[in-house]
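Single-structure report; data block below.
This is the structure we're talking about:
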């Protein structure tokens, strides 16, 4: 069976199933940040690549037109060509020593793509392609808005379970992930995520998705009212998921969630009130009930997260004071400056995808106060800067183009609440990436690409429906 586009519905369901398993599995596998899970995750992402190739090949074999969005993937195809070309020019060589293997710089052309470590770059590209093509399949082949909403509901439901799991784990004082069964290399873990800021960025995206679903069903199913549809369950999900962010200790993401929720209240208040009215409630009674519930929720929230918020606020205050204190060697400013110097030495093509931890020690001037030991950094704490250092301005422009080209469709239409809040969450995380490294987490990168793809395709299908209705 096919839909109006001629795309087999079974194939569309297969794409949705592969992506749902991809996201759910990655979130429970430590957000993809344990080294041993990267290969299984990349292998499952390869299924998405095969679906892309198979879907396009089927179109050609049956002499059907390629999807109108096929040209959107060309920036990533060019990026692959660029990264693969870098494999033929290695800027570092391995030198065996008593302490292990040392990377020794080699002289290479600044105007040709190169990489510091070949296998690291190949593995990074493999994972990146698995994520991108698994998500872009939604834009290429999925032609049903209902299927898009179903997969979003599955992902949000999984995130809600994770948030509840993480909250319980936190409240009982677990010393490790999965109730202490797995030791976390970072004390600031939450749920199955090793790092609280990664959890926070993931929740910003998922709260945006939950808000999108809630407002989509504000009037219930077929106008039955807010209380007679999934909107109420969505509201509960949003509240509990949002509460997990301050409980995790992520300060910046707590602020982002507040911005997201305030935006939802301002945008969605008329919709929810209309839905409550459709359920048979008078506006004044609905307002009184909502106010009482809000006060109860806020009181309970502070009793649960108040101590955590207060302690993190004190940490923030101390960091600001230390940042201003003269002679303090540990500084984000120094890290950014050193990363920028690294970028300027190979500005066009960068040092190689995924190679920042290998190359940055050559540029690192950070030392601990009163010690002559360098501060070790695995990430630049700015995904924008790290991206420039790894793939240069050429690669950065290609990745940016892959996101901007689809978003042009938003300039031609009025965006409804469902895609609006998916994009809002993506925008907040993208801004957060200026000062942190949320995309250093596989689950965040995957969820961000997923939310963007769903939003763009939903708008496309909505526009198509409007055109069809006018012609009819």
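Numbering (my numbering), first residue to last: 2 to 473. No residue lacks a Cβ here, since even glycine has one placed at the ideal position from N, Cα and C.
Relative to the C-alpha of residue i, which candidate in the options has its C-alpha closest?
i           : options            : result
residue 357 : 340, 124, 179      : 340
residue 106 : 93, 118, 114       : 93
residue 337 : 351, 379, 383      : 383
residue 385 : 332, 408, 440      : 440
residue 201 : 243, 42, 185       : 243
residue 271 : 220, 281, 238, 257 : 220
residue 407 : 247, 66, 23, 452   : 452
residue 116 : 390, 443, 421      : 390
residue 160 : 172, 239, 229      : 239
residue 212 : 222, 232, 193      : 232
residue 277 : 237, 296, 257, 230 : 230
residue 418 : 234, 236, 214      : 214
residue 399 : 75, 413, 18        : 75
residue 343 : 437, 297, 393      : 393
residue 124 : 167, 36, 186, 69   : 36
residue 136 : 241, 296, 450      : 450
residue 152 : 425, 465, 18, 421  : 18
residue 73  : 402, 248, 280, 85  : 402
residue 266 : 209, 248, 332      : 209
residue 21  : 332, 437, 148      : 148
residue 85  : 58, 120, 71, 59    : 120
residue 14  : 416, 42, 142       : 142
residue 173 : 70, 218, 248       : 248
residue 154 : 252, 184, 235      : 235
residue 146 : 435, 420, 436, 448 : 420
residue 283 : 69, 218, 413, 228  : 228
Does residue i pass the burial test, meaning 16 or more other C-beta atoms within 10 Å, or should it be called exposed?
i           : result
residue 293 : exposed
residue 346 : exposed
residue 188 : exposed
residue 196 : buried
residue 131 : buried
residue 114 : buried
residue 63  : exposed
residue 454 : buried
residue 443 : buried
residue 65  : exposed
residue 44  : exposed
residue 250 : buried
residue 67  : exposed
residue 426 : buried
residue 58  : exposed
residue 222 : exposed
Is the distance from the Cβ of residue i to the Cβ of residue j below 8 Å?
i           : j           : result
residue 88  : residue 122 : yes
residue 458 : residue 140 : yes
residue 429 : residue 259 : no
residue 144 : residue 367 : no
residue 138 : residue 49  : yes
residue 38  : residue 31  : yes
residue 350 : residue 83  : yes
residue 118 : residue 90  : no
residue 204 : residue 254 : yes
residue 275 : residue 216 : no
residue 433 : residue 263 : no
residue 193 : residue 40  : no
residue 56  : residue 12  : yes
residue 381 : residue 438 : yes
Going by DSSP, which residues form a beta bridge with residue i?
i           : result
residue 178 : 183
residue 91  : 116
residue 104 : 95
residue 194 : 191
residue 439 : Per DSSP, none; premise fails for residue 439.
Can you give the Cα-Cα distance for residue i and residue j, rounded to whole angstroms?
i           : j           : result
residue 476 : residue 10  : As shown, the chain starts at 2 and ends at 473. That puts residue 476 outside it, with no answer to give.
residue 325 : residue 334 : Bear in mind that the predicted position of residue 325 carries a pLDDT of just 47, short of 50, making it unreliable; the figure below should be weighed with that in mind. Roughly 11 Å between the two C-alpha positions.
residue 365 : residue 377 : 8 Å
residue 456 : residue 423 : 6 Å
residue 158 : residue 182 : 24 Å
residue 379 : residue 178 : 22 Å
residue 191 : residue 180 : 11 Å
residue 474 : residue 410 : Within the shown structure, residues of the chain are numbered from 2 to 473, placing residue 474 beyond reach of any answer.
residue 361 : residue 348 : 15 Å
residue 46  : residue 445 : 15 Å
residue 81  : residue 126 : 7 Å
residue 156 : residue 199 : 17 Å
residue 473 : residue 463 : Here the model assigns residue 473 a pLDDT of 49, short of 50, so the residue's position is not dependable, and the following value carries that caveat. Approximately 15 Å between the Cα atoms of the pair.
residue 95  : residue 104 : 5 Å
residue 170 : residue 296 : 25 Å
residue 111 : residue 134 : 30 Å
residue 168 : residue 465 : 42 Å
residue 186 : residue 176 : 11 Å
residue 355 : residue 241 : 35 Å
residue 150 : residue 77  : 26 Å
residue 353 : residue 129 : 13 Å
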